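To start, the structure under review is shown below, and the notes come after it.
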């Protein structure tokens, strides 16, 4: 074989070696968390030191590419002018296509298979390159720390900014409206408090540990499609645990006390994200909410948090009254228990201060006394009239909002 043939073989081998390292980089660093769980032992050992691995791949690729250009320039030793330019262009295109673009595209399509093939060779190469890569990593770490002291981020992207981006994306058609609503709901979990999504104490059904009124409470719970009940001992602030409604029905011969299971207590000021973490850690889906004095404020479930993200999670056949009902004359009827957050979202504008939890609480604060049917109050663009009261609690409120219409779906005429 002539010297020129050997030269072509050497250039081709260097190109193949560069393609190997490019494919290895794309495959190993492109593995998803799920794919890493089923990866080979050699692959996991390499990914345990990602910086050293990347330095080895890049350094090896750089050496091969340098040798490639050096030997490729000797393929046509007498080339001059346009011939020299054409040779350089061909060599460059061959490198980009043959050892960069195509290997990475193919490796990304078969990440696990490629990673399994290249891992043993790279694991053997890693110790050999350490004398060169270790000083390089030290220098990079020093430069990184130096730059970090000079260049500091002015602030991360806030949930409000992301929410505006999502709203704009939905308006421009880049996102479906339901997708934007879902992502916005997830972002708002950071600021959402448990007291904003809980079922308040006055709406909660309790069961006494003595078993008193067990049959009546069970019937009421079944009709309300509840799955569990908080269990008290004498007073509503004396929570002793919870009981599964299924067990209560299936084992009528057993006492309530023998069916009681532990329950998680959460403060009403806790965040919704913290609530989900706690419930997940406990392996349960419900908790009792307590106020700052340790009294029972209500109950909350994971469903309450998910409804904020996904909307109304009703089961098949379950009917629920619309939260915002449109009346004549530009007025709306809403439950007194409607959270202020939902009221503001229904109209797409924060027209009620967030320091109030419910519409009924807002009306009571404005009146400065216990509301009565027919009480009216005006604040800003709002005209509020108490429509229904039961046991000192505001059940329904008629609200007039000038120049605004609700944006919420489900508002019935």
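Residue numbers (the numbering used here): 1453 to 1865. All residues carry an ideal CB built from backbone N, CA and C; glycine is no exception. Computed from a predicted structure; not experimentally measured.
First through last residue of the beta strand (DSSP E) which encompasses residue i
i	result
residue 1836	1834-1842
residue 1495	Element bounds for residue 1495: not the beta strand (DSSP E) but the alpha helix (DSSP H), 1493-1499.
residue 1685	1680-1685
residue 1785	1783-1787
DSSP-derived helix/strand/coil call for residue i
i	result
residue 1693	strand
residue 1655	helix
residue 1562	coil
residue 1825	coil
residue 1852	strand
residue 1706	coil
residue 1791	strand
residue 1719	strand
residue 1776	coil
residue 1847	strand
residue 1644	coil
residue 1527	coil
N- and C-terminal bounds of the alpha helix (DSSP H) containing residue i
i	result
residue 1668	1666-1675
residue 1729	1724-1734
residue 1488	1485-1489
residue 1515	1502-1524
residue 1828	First-last for residue 1828: 1828-1831, but that is the beta strand (DSSP E), not the alpha helix (DSSP H).
residue 1477	1455-1481
residue 1543	1534-1548
Bridge partner(s) assigned by DSSP for residue i
i	result
residue 1738	1753
residue 1713	1694
residue 1810	1791
residue 1585	Note: residue 1585 sits in no beta bridge, so no partner.
residue 1743	None; residue 1743 has no bridge partner.
Through-space distance from residue j to residue i, alpha-carbon basis
i	j	result
residue 1570	residue 1539	32 Å
residue 1566	residue 1499	14 Å
residue 1842	residue 1817	17 Å
residue 1850	residue 1561	60 Å
residue 1558	residue 1549	12 Å
residue 1812	residue 1596	56 Å
residue 1779	residue 1490	60 Å
residue 1831	residue 1845	21 Å
residue 1744	residue 1650	15 Å
residue 1828	residue 1810	17 Å
residue 1572	residue 1494	6 Å
residue 1758	residue 1736	15 Å
residue 1457	residue 1544	20 Å
residue 1672	residue 1739	20 Å
residue 1643	residue 1726	11 Å
residue 1724	residue 1638	10 Å
residue 1576	residue 1582	11 Å
residue 1522	residue 1628	53 Å
residue 1787	residue 1819	17 Å
residue 1732	residue 1669	28 Å
Cβ separation of residue i and residue j, assumed to be a contact under 8 Å, to the nearest whole Å
i	j	result
residue 1516	residue 1469	5 Å
residue 1718	residue 1741	6 Å
residue 1508	residue 1585	6 Å
residue 1688	residue 1748	5 Å
beta-carbon residue i near the ligand NAP non-hydrogen atom, thresh 7 Å
i	result
residue 1811	Summarising the ligand content, the structure contains no ligands, and the ligand NAP is consequently not present.
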